[in-house]
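Chains as they are written, first to last, in our numbering: chain R, 13 to 306; chain U, 241 to 616.
For every residue, glycine included, the Cβ atom is placed at its ideal position computed from N, Cα and C.
Here the structure is a predicted model, which is why all the values come from computation and not from measurement.
Below is one structure, written out as structure tokens; comments come after it.
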């Protein structure tokens, strides 16, 4: 910034100016993003193989778009993701509020049991789901989208604990006097919940829902065990395509999935930011500071 | 109810004491699980229009009592009547009282006007009336023009005003305040005391506030209930409480005091003769005949010091052990020749240098009538 020829040596906390720190940072980013960047780059590669760059093309996107079974798997994945996100956000939030608000017998074991799906190996969950649906005789061959029910239920069961954990963490910092103040001012319990607790939880709700959506969209192991021949999801489909050869078509489909995830996350963050900004503006919009809350 | 004021006025209008108290607490006990009750058979009557303080150390049950008035706790035993009707089983949103919380509990996601309007909105007050009343309430707490602000753009003092406006806009019969000044810095606290008193006069309703700060209670309240371990020890006006405490706890909790243990040697004809180890015999005027062991106390500012033996009914020789300079006054810590320690406060009414040395001899005396005799 300054025009002086000699810069002062880095201060004790100026890690950004130390060479080894910059090197570590660079290495980390390469490690994290080089595979993804390669995947995206080769989706535009005009070649049957993913080895040598032969020029730019969009034909594999076209090919992926015209691949009906891939498109079907994609639709299935999105449908399951939306349904399970909705259900697990509601369930997880209710669980978090119940655990935060009330005292009841065996609350500790209850809380621990609820968090189990987070730590249980996915393969065990998958096998358990397979056995469970077979044992209760879950109907197969239902019309779309009802045939996705088993997968959706499985997805809800492993993603709602994540929502509950995130919302619970947010609730831990809630000032209970806010709820009491609402009640004192004439709000019923429901009104106080709606007007005070839900707005407080909303960052947790958004974060939890995003987590649930991502978990559902890219889940392979549990889905693999619960899906049938007519209920193929995107990760399962990609896996079956890769078994023959990794064509740029897979790259193209994966790139689209990455793009969708990024767009949804950005939209969610933007909506959150907009709500915060609108609230900061107030109704009159005459305040000087608008970016006080981030 | 006796209302002796002992000649010290606090300059506030008390409002007409109507026949029926606005708050009646009868034998209220609150237990949380086993052990000592948080509030133990409390009886209190608060007349309409009073600025009433619940004062006590932390854990004395004052906040629990306030929360029972608001409806956030249910009494284990006893009855509470607000404005003549029993409030047992009445949820907080149906009571004719509103509360200002210790943390102010201003809704962080709502603007100032939305905060103030909230209590009207949830109870279905039409928008036009709502706007008018919000404007009025914001004016009352001098927050005009800040309605569009968000709570995080306000100072602590402004947030408190929002909490006040939000409660007052509901036009409650009683305003409850939980440690209203504890979150403010010292300078602001002082100013806010006066403002709360004036606000009480402006709106003319009853204020009940909880505090652990005796200065706050003394300077603001019309009457104070001093609580200790769930029980009300004394209910009186500030000056009565300070000058005529009814027990050792109140004497010690309100202000500073020199408290000694003594025995009554003789009683009769409006006088007591007390024997205090380290001081000797004291003859003091006292109306009620008491016997046995008593607490003998004197406030530090009542203690007089002189270089020569004073022409007083009793005086003691003492040496200055230590002293502390406070600007407006100096606190002296003395020890009598018999080893009894006592504190004295002298006003620095002259500008000259402080002429006190450690180890300097002094004569200590006070007016016999300033002696407090505490039986409990």
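- When DSSP states are grouped into helix, strand and coil, residue 271 (chain U) belongs to the coil group.
- The beta carbon of residue 220 (chain R) is closer than 7 Å to those of 101, 104, 174, 175, 178 and 179 in its chain, skipping five residues each way along the sequence.
- Residue 413 (chain U) sits close to residue 323 (chain U), with the two beta carbons spaced by under 8 Å.
- For residue 193 (chain R), a Cβ of chain U is located within less than 8 Å of the residue's own Cβ.
- In this structure residue 78 (chain R) is exposed. Its beta-carbon is surrounded by fewer than 16 other beta-carbon atoms within 10 angstroms.
- Contact with chain R is absent for residue 304 (chain U), since none of that chain's Cβ atoms lies less than 8 Å from the residue's Cβ.
- Residue-level contact check: residue 284 (chain R) does not touch chain U, since none of the beta carbons of chain U fall below 8 Å from its beta carbon.
- Residues of the stretch 264-276 of chain U with a Cβ closer than 8 Å to any Cβ of chain R: none.
- Partner residues in the beta bridge of residue 576 (chain U), as assigned by DSSP, are U:558.
- For residue 169 (chain R), the enclosing alpha helix (DSSP H) covers residues 161-184.
- Look at residue 47 (chain R): its C-beta is not under 8 Å from any C-beta on chain U.
- Listed along chain R, the residues sitting closer than 9 Å to residue 312 (chain U) by beta-carbon distance are 192, 195 and 196.
- Looking at the DSSP output, residue 546 (chain U) shares a beta bridge with U:603.
- Under the three-state reduction of DSSP output, residue 610 (chain U) falls in the helix class.
- Here residue 42 (chain R) is exposed, its C-beta having fewer than 16 other C-beta atoms within 10 Å.
- Here the stretch 551-558 of chain U makes no contact with the stretch 456-473 of chain U; the two share fewer than three CB pairs at distances below 8 Å.
- Boundaries for residue 230 (chain R): no alpha helix (DSSP H) harbours it, and the DSSP string shows neither H nor E there.
- Of the residues R:234, R:21 and R:86, the one whose Cα lies closest to the Cα of residue 136 (chain R) is R:234.
- For residue 41 (chain R), the enclosing alpha helix (DSSP H) has its first and last residue at 31-54.
- Excluding sequence positions up to five before and after residue 30 (chain R), its CB lies within less than 8 Å of the CB of 22, all in the same chain and listed in chain order.
- Counting C-beta atoms within 10 angstroms of its own C-beta, residue 391 (chain U) has 16 or more neighbours from the protein chains shown and is therefore classed as buried.
- Counting the other CB atoms within 10 Å of its CB gives residue 185 (chain R) a total below 16, which places it among the exposed residues.
- Residue 509 (chain U) sits in coil when the DSSP states are folded into three classes, being neither helix nor strand.
- In the DSSP annotation of this structure, the continuous segment of the beta strand (DSSP E) that includes residue 285 (chain U) starts and ends at 279-286.
- Residue-level contact check: residue 185 (chain R) does not touch chain U, since none of the beta carbons of chain U fall below 8 Å from its beta carbon.
- The continuous stretches of alpha helix (DSSP H) do not include residue 392 (chain U), and DSSP gives it neither H nor E.
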